[in-house]
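Structure first, then comments.
Numbering (this note's numbering), first residue to last: 39 to 135.
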């Protein structure tokens, strides 16, 4: 699912809310999540999962075209840990017969 289809789905399920307002709300939600992560924070959505930031250490890598070893600086990367409810929806228990 992409952002535009998410906005369309929410707007269709809530006809009392204008499509443009739904788009503004989704954009605001994503912007606030991005700000929190950029500030080193954590975003937890109960039952769905938690977004956080982790440091990826500096390392050496091989540039495939140039066949050279290059140095990659350390950087911060987003990390997602799924919640219990999401895991259960993705892996439903098998019914015993």
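The beta carbon of each residue, even a glycine, is placed where N, CA and C say it ideally should be. Being a predicted model, the structure only gives us computed values, none of them experimental.
Residue i in three-state terms, based on DSSP
{"i": "residue 109", "result": "strand"}
{"i": "residue 82", "result": "strand"}
Beta-carbon spacing of residue i, residue j below 8 angstroms
{"i": "residue 101", "j": "residue 110", "result": "no"}
{"i": "residue 60", "j": "residue 76", "result": "no"}
From the options, residue whose alpha carbon lies closest to that of residue i
{"i": "residue 117", "options": "92, 131, 130, 125", "result": "92"}
{"i": "residue 88", "options": "80, 94, 114", "result": "80"}
{"i": "residue 40", "options": "54, 55, 64, 113", "result": "64"}
Limits of the unbroken alpha helix (DSSP H) element including residue i
{"i": "residue 70", "result": "57-76"}
{"i": "residue 40", "result": "That residue, residue 40, is in no alpha helix (DSSP H); it is neither H nor E in DSSP."}
Minimum Cβ-Cβ distance from residue i to chain B less than 8 angstroms
{"i": "residue 118", "result": "Note that chain B does not occur in the displayed structure, where there is just one protein chain."}
Distance between beta carbons of residue j and residue i, contact taken as under 8 angstroms
{"i": "residue 94", "j": "residue 113", "result": "5 angstroms"}
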